[in-house]
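S.K.: Here you go, one structure.
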Amino acid sequence: MNDHQLDWTRLACRGGFLLACVLGAYGLYYYFGVVRPGMAYWHLVAEVQDEIYAFHQKRPADVDAKQWEEAVGSTMNIYGNVSMMTAECDMPFLQRFRTSLQTRANRGVDFDTLKWIWDELAKAGPDAARYAYSWRPVHLMAFEPITDETLPNLWGIDDCRVLDLSGARISDQGLAHLKSLSSIKFIYLYGTNVTQQGITDLQKALPNCEVVHDSLNQAAQQEHVR
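The letter at position 92 of the sequence shown is residue 100 when you use this note's numbering, and the numbering goes up by one with no holes.
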């Protein structure tokens with residue numbers, strides 16, 4: 009091997025060494041700057057989810073078991089979805105949220121605790137807010153029976169996207185309070201005291217909303233018989 013070939017060999021070795029150093033440095037950066045923080049974030053996400061899941065066993069004595077189970081389940085769903093929005097729900101936000109959640113939970117758990125979770129998660133960012141406000145389980149968070157009188161004051165009703173009033177003690181008088189809900193997309197009225205005229209008036213006021221009620225089932229059954 010002549011001197012010229014040796015020079016190229018040394019250069020190649022040095023280049024390989026430098027490349028290895030660069031790749032090694034990038035690997036360390038990626039692990040400590042991306043992988044490890046990501047692992048810590050998802051570990052914290054899981055811990056908080058377990059804490060919310062534990063609310064199933066902390067049902068207030070005066071709350072219906074099925075209603076509480078569904079309300080906690082819906083709250084877990086919103087938390088799971090917002091925690092996936094990592095551009096908004098980052099580690100500092102999640103750490104603050106967990107600290108506040110533990111403080112509140114230590115004082116006891118009730119519907120106000122669940123409402124607080126929904127309201128707090130909406131503060132993560134614009135996308136989280138749109139999701140949290142749109143999908144609030146309004147009917148599940150109602151401690152008192154839903155009536156014409158209590159309907160306007162339901163938590164989250166002004167911004168919700170889906171409103172299930174099935175079985176509520178409401179009439180056409182109550183429907184009048186729903187005509188200003190600009191964000192609403194679906195309203196379920198099974199088993200209520202509303203009339204067909206009341207439903208027609210509501211549908212005119214909310215042309216972009218689908219109103220689902222008992223008479224639709226009756227019409228479908230009659231069509232099936234034919």
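Glycine included, each C-beta is placed from N, C-alpha and C at the ideal position.
Going along the chain, which unbroken runs of the beta strand (DSSP E) with 3 or more residues stay wholly within the region 49 to 96?
M.R.: Listed in chain order, the beta strand (DSSP E) elements of length 3 or more contained wholly in the region 49 to 96 amount to none.
S.K.: Should Ser91 go down as buried or exposed, given a rule of 16 or more other Cβ atoms within 10 Å for buried?
M.R.: buried
S.K.: Look at Thr200 and Ala176 and say whether their C-beta atoms are less than 9 Å apart.
M.R.: yes
S.K.: Determine the direct distance from the alpha carbon of Leu129 to that of Ala137, and round the result to whole angstroms.
M.R.: 7 Å
S.K.: Judging by CA-CA distance, which residue of Thr155, Gly164, Lys74 and Asn216 is the nearest neighbour of Asp127?
M.R.: Nearest option by C-alpha distance: Gly164.
S.K.: Which partner residues does Asp120 have in the DSSP bridge list?
M.R.: Paired residues: none, contrary to the question.
S.K.: Can you give me the C-alpha to C-alpha distance between Pro134 and Glu96, rounded to a whole angstrom?
M.R.: 8 Å
S.K.: Within 10 Å of its beta-carbon, does Thr83 have 16 or more other beta-carbons around it, so buried, or fewer, so exposed?
M.R.: So Thr83 counts as buried.
S.K.: Tell me which residues share the same chain as His64 and place their Cβ nearer than 7 Å to its Cβ, disregarding the 5 neighbours each side in the sequence.
M.R.: Glu77 and Val80
S.K.: Please tell me whether Leu162 and Met149 are closer than 9 Å, where the distance is taken between their beta carbons.
M.R.: yes
S.K.: Assuming Leu189 and Leu214 form a contact by the criterion Cβ under 8 Å, report the distance between their Cβ atoms to the nearest whole angstrom.
M.R.: 7 Å
S.K.: On the three-pair Cβ rule with 8 Å, is the region 51 to 71 touching the region 100 to 114?
M.R.: A contact exists between the region 51 to 71 and the region 100 to 114.
S.K.: Give me the Cα-Cα distance between Arg106 and Ala69, rounded to the nearest whole angstrom.
M.R.: Taking the straight line from one Cα to the other gives about 25 Å.
S.K.: Considering only C-alpha positions, which residue in the set Met47, Leu197 and Thr208 is nearest to Ile154?
M.R.: The alpha carbon of Ile154 has as its nearest neighbour, out of Met47, Leu197 and Thr208, the alpha carbon of Leu197.
S.K.: Take the Cβ of Gly116 as the centre, count every other Cβ of all protein chains shown within 10 Å, and call the residue buried at 16 or more, exposed below.
M.R.: By the neighbour-count rule (16 or more Cβ atoms within 10 Å), Gly116 is not buried but exposed.
S.K.: Which partner residues of Glu218 appear in the DSSP bridge assignment?
M.R.: Phe194
S.K.: From the DSSP output, read off the bridge partner residues of Arg177.
M.R.: Thr155
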